[in-house]
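Participant: What follows is a single structure, and I will ask about it in a moment.
There are 2 protein chains.
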Amino acid sequence: MAKETKISMAVIRRLPKYHRYLAELLTNDIDRISSKELSERIGFTASQIRQDLNCFGDFGQQGYGYNVRDLYNEIGKILGLDKNYKTIIVGAGNIGQAVANYSKFEKLGFHLQAIFDKNPKLVGIRIRDIEVKDVDCLNSYLAQNPTDIGIICVPKEHAQMVADIMVKHGIKGIWNFAPTDIKVPDDVIVENVHLSESLMTLSYRLNESNLFNE
Amino acid sequence: MAKETKISMAVIRRLPKYHRYLAELLTNDIDRISSKELSERIGFTASQIRQDLNCFGDFGQQGYGYNVRDLYNEIGKILGLDKNYKTIIVGAGNIGQAVANYSKFEKLGFHLQAIFDKNPKLVGIRIRDIEVKDVDCLNSYLAQNPTDIGIICVPKEHAQMVADIMVKHGIKGIWNFAPTDIKVPDDVIVENVHLSESLMTLSYRLNESNLFNE
DNA sequence: ATATTTTTGTGCATATTATAACATATTTAT
DNA sequence: ATAAATATGTTATAATATGCACAAAAATAT
Chain C
107 MAKETKISMA
117 VIRRLPKYHR
127 YLAELLTNDI
137 DRISSKELSE
147 RIGFTASQIR
157 QDLNCFGDFG
167 QQGYGYNVRD
177 LYNEIGKILG
187 LDKNYKTIIV
197 GAGNIGQAVA
207 NYSKFEKLGF
217 HLQAIFDKNP
227 KLVGIRIRDI
237 EVKDVDCLNS
247 YLAQNPTDIG
257 IICVPKEHAQ
267 MVADIMVKHG
277 IKGIWNFAPT
287 DIKVPDDVIV
297 ENVHLSESLM
307 TLSYRLNESN
317 LFNE
Chain Y
107 MAKETKISMA
117 VIRRLPKYHR
127 YLAELLTNDI
137 DRISSKELSE
147 RIGFTASQIR
157 QDLNCFGDFG
167 QQGYGYNVRD
177 LYNEIGKILG
187 LDKNYKTIIV
197 GAGNIGQAVA
207 NYSKFEKLGF
217 HLQAIFDKNP
227 KLVGIRIRDI
237 EVKDVDCLNS
247 YLAQNPTDIG
257 IICVPKEHAQ
267 MVADIMVKHG
277 IKGIWNFAPT
287 DIKVPDDVIV
297 ENVHLSESLM
307 TLSYRLNESN
317 LFNE
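Chains as they are written, first to last, in the numbering used here: chain C, 107 to 320; chain Y, 107 to 320.
Okay, here's the thing in structure tokens:
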């Protein structure tokens with residue numbers, strides 16, 4: 107039976123990976139899988155897989171394993187992929203445009219409604235049939251158009267200001283690409299994508315072996 | 107004194123954040139900081155900060171704290187930011203272009219040498235003064251131009267093939283934006299940026315509160 | 001000069017996370 | 001039908017990671 111305890115972030119961050127591997131199994135017409143076999147593909151221990159899944163329900167069957175389609179659907183539901191989110195992007199520079207054009211986006215239920223920028227050269231251009239609006243219109247836009255998700259792709263200097271406007275208008279989830287930590291109330295979720303941190307980690311690991319042994 | 111034990115990934119992933127906050131202190135002309143004060147800014151406990159830093163050396167002084175510039179430089183060195191890496195990007199689509207134009211890139215020592223794509227519409231265009239080459243030239247390019255880092259920005263179907271070519275030519279670090287796990291030998295470091303996983307995590311957390319309590 | 005305050009580095013306790021072990025249920029083979 | 005094999009859910013154990021507490025050192029105040 108599903109546990110009622112708080113799920114740890116470690117577990118949550120593994121869920122998308124389960125979802126991805128299950129999708130792959132589906133495309134290969136594999137309709138059942140054991141934790142052991144999934145373990146060999148995904149690289150987690152079978153025990154961890156079973157324990158992770160058991161946080162949410164008894165999806166498997168002893169002696170059989172897991173039904174791939176059912177489990178895929180269940181995890182999709184757990185991840186909220188059956189929901190739809192009205193989404194905006196603020197910042198139409200390189201990253202903003204890449205995110206806007208990111209096709210997987212809509213499949214996950216994130217529906218891009220508007221894009222904002224303050225650069226006059228970008229205001230007016232169309233990205234995926236959406237005309238970039240001046241960021242001065244952000245406040246009035248949000249006042250008139252209830253929005254679920256805000257994506258921040260502006261330079262770090264403006265990130266907090268943009269976040270404040272989003273929060274003011276009831277946005278409950280922020281996907282933050284600005285290389286800074288933004289402050290929001292407890293009921294607002296911020297998911298950061300800090301590219302430079304990722305790159306620094308790569309840099310560290312490249313040098314790791316020779317750090318002490320020379 | 108610095109410990110010789112293996113540093114955990116948890117610690118490593120916090121280092122860039124220390125680096126970022128110290129940079130901010132520097133721009134504000136703050137030249138010393140205690141673990142307690144840094145703790146209040148960065149949101150980790152003071153104890154954790156001291157313990158993290160002590161993995162690498164005794165950078166602080168009792169009764170004084172840490173010298174901001176020294177610590178910033180030390181962490182930079184630990185992260186390998188004083189090194190230079192010859193870098194290529196394979197895949198000049200939205201993400202590839204965004205990464206290529208990502209300015210912080212060069213500052214961290216990653217020098218973009220070449221960009222490849224297989225789309226004839228992209229081959230030949232210039233991104234940051236670098237002409238996009240046909241991906242068919244990747245093999246011969248790498249044979250002639252020793253390269254440290256490969257950035258994979260191709261669709262998932264081609265990611266493993268690109269990675270194999272990179273590995274064959276001695277690339278030791280891969281920054282992977284393709285939404286798949288690539289297999290490489292043990293001595294090659296892969297750092298993944300899985301945007302859809304990040305987005306799914308955001309989606310989960312948005313729904314988390316109502317999962318069980320309704 | 002001395003006392004007080006600050007603050008580190010580190011040992012220890014606690015909490016969290018991951019793995020192993022196993023009883024139980026189901027499937028498959030004979 | 002019965003036995004053997006498979007594979008879950010769950011409990012027990014091990015491994016990691018975090019936080020607390022304090023002696024020792026340096027800075028600051030008196």
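Each residue gets a CB set at the ideal place from its N, CA and C atoms; glycine is no exception. Note that the structure is a prediction, hence the values are computed from the model and not measured.
Check whether the Cβ atoms of C:Ile148 and C:Tyr127 lie closer than 8 angstroms to each other.
Facilitator: yes
Participant: If you follow the beta strand (DSSP E) that Y:Ala220 is in, where does it begin and where does it stop?
Facilitator: 216-223 is the span of the beta strand (DSSP E), which, as asked, contains Y:Ala220.
Participant: Determine, using beta carbons only, whether C:Ala204 and C:Ile195 come nearer to each other than 8 angstroms.
Facilitator: For C:Ala204 and C:Ile195, no; Cβs fall outside 8 angstroms.
Participant: Are the CB atoms of C:Val268 and C:Val290 within a distance shorter than 8 angstroms?
Facilitator: no
Participant: Can you give me the Cβ contacts of C:Asn321 inside the same chain, cut-off strictly under 7 angstroms, excluding the 5 residues immediately before and after it?
Facilitator: In the structure displayed, chain C extends from 107 to 320; residue 321 of chain C sits before or after that span and is not available.
Participant: Can you pull the chain C residues whose beta carbon is under 9 angstroms from the beta carbon of Y:Leu312, in chain order?
Facilitator: Gly186, Lys189, Tyr191, Asp254, Ile255, Lys278, Gly279, Ile295
Participant: Can you tell which of C:Leu159, C:Glu143, C:Asp135, C:Leu144 has the C-alpha that lies nearest to the C-alpha of C:Ser95?
Facilitator: Past the boundaries of the shown model lies residue 95 of chain C; chain C is included only from 107 to 320, so the question cannot be answered.
Participant: Using a beta-carbon distance cut-off of less than 7 angstroms, what residues from the stretch 198-212 of chain C approach chain Y?
Facilitator: Asn200, Ile201, Gln203, Ala204, Asn207, Tyr208, Lys210
Participant: Can you give me the start and stop residues for the beta strand (DSSP E) that C:Asp240 sits inside?
Facilitator: 236-240
Participant: Does any residue of chain C have a CB that is nearer than 8 angstroms to the CB of Y:Leu177?
Facilitator: no
Participant: Go ahead and pull the three-state DSSP assignment for Y:Val347.
Facilitator: The structure shown has nothing for residue 347 of chain Y, since chain Y only spans 107 to 320.
Participant: With a cut-off of 8 angstroms on the beta carbons, I'd call Y:His275 and Y:Leu248 a contact; round off their distance for me.
Facilitator: About 4 angstroms separates the CB atoms of Y:His275 and Y:Leu248; that is less than 8 angstroms, so the two are in contact.
Participant: Mind checking Y:Pro122: buried by the 16 CB within 10 Å criterion, or exposed?
Facilitator: buried
Participant: If we define contact as Cβ-Cβ less than 8 angstroms, is Y:Gly222 a contact residue for chain C?
Facilitator: First, the amino acid is wrong: residue 222 of chain Y is Phe here, not Gly. False, the Cβ-Cβ gap to chain C never drops below 8 angstroms.
Participant: Under 8 angstroms, do Y:Lys239 and Y:Ile221 count as touching if we go by C-beta distance?
Facilitator: yes
Participant: Should C:Glu263 go down as buried or exposed, given a rule of 16 or more other Cβ atoms within 10 Å for buried?
Facilitator: exposed
Participant: Where do the ends of the alpha helix (DSSP H) carrying Y:Asn282 lie?
Facilitator: Premise fails: Y:Asn282 lies in the beta strand (DSSP E), 279-282, not in any alpha helix (DSSP H).
Participant: Which runs of the alpha helix (DSSP H) fall wholly inside the stretch 130-193 of chain Y and span at least 4 residues, in chain order?
Facilitator: 141-148, 152-160, 174-184
Participant: Under DSSP, the alpha helix (DSSP H) around Y:Gly202 begins and ends at which residues?
Facilitator: 200-207
Participant: By the 7 angstroms beta-carbon criterion, what residues does the stretch 138-159 of chain C contribute toward chain Y?
Facilitator: none
Participant: Spell out a yes or no on whether the stretch 298-308 of chain C and the stretch 291-301 of chain Y are touching, meaning 3 or more CB-CB pairs, one atom from each, closer than 8 angstroms.
Facilitator: Yes, since at least three Cβ pairs between the stretch 298-308 of chain C and the stretch 291-301 of chain Y fall closer than 8 angstroms, the two stretches touch.
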